[in-house]
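This report concerns only the one structure given below.
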Amino acid sequence: MPRAVFVTPRGEEHSVEVAAGLSLMEGARDEDIPGIIAECGGGAICGTCHVRVDPEWYALLQPSKLSETALLEAVPEGSATSRLACQIVMSERLDGIRVQIPSEQLAF
Ligand code: FES
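According to my numbering, the sequence shown is numbered sequentially starting from 8.
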């Protein structure tokens, strides 16, 4: 099963298995990774699953849809490699993907 590494704002690393076909957000939620709130449950409307993807992995992702791009413009601590974890679908190709969790998510 592919693995994903979540790095907390304090530098702690959580390496978790995420089944192919599940989103990165679902993998984080199932393992109680702190900082991934996922208020909307994966609907790409809350922005509280924002992560910054390490550049070498970001280049392998499917392009974001316009709605995701618009939401990412509003998230705290956004960057050029920001994505919504609920829109990253795991696959063997992404085995080892590494993402940073921001210290702050959008407030609801
Ligand atoms: S869970 Fe709401 S935008 Fe990803």
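Even glycine gets a Cβ: it sits at the ideal position worked out from N, Cα and C.
Pairwise C-alpha distance: residue j and residue i
{"i": "L67", "j": "E19", "result": "24 Å"}
{"i": "P83", "j": "T15", "result": "15 Å"}
{"i": "L101", "j": "W64", "result": "7 Å"}
The ligand FES heavy atom lying under 7 Å from the CB of residue i
{"i": "L29", "result": "no"}
{"i": "G85", "result": "no"}
{"i": "M32", "result": "yes"}
{"i": "L79", "result": "no"}
{"i": "L91", "result": "yes"}
Bridge-paired residues (DSSP) for residue i
{"i": "E24", "result": "R10"}
{"i": "L31", "result": "None; L31 has no bridge partner."}
Expected contact under 8 Å - CB spacing of residue i and residue j to nearest Å
{"i": "C56", "j": "L91", "result": "5 Å"}
Neighbourhood of residue i by C-beta distance below 6 Å, restricted to the same chain and skipping five residues each side
{"i": "G54", "result": "L78, V82 and L113"}
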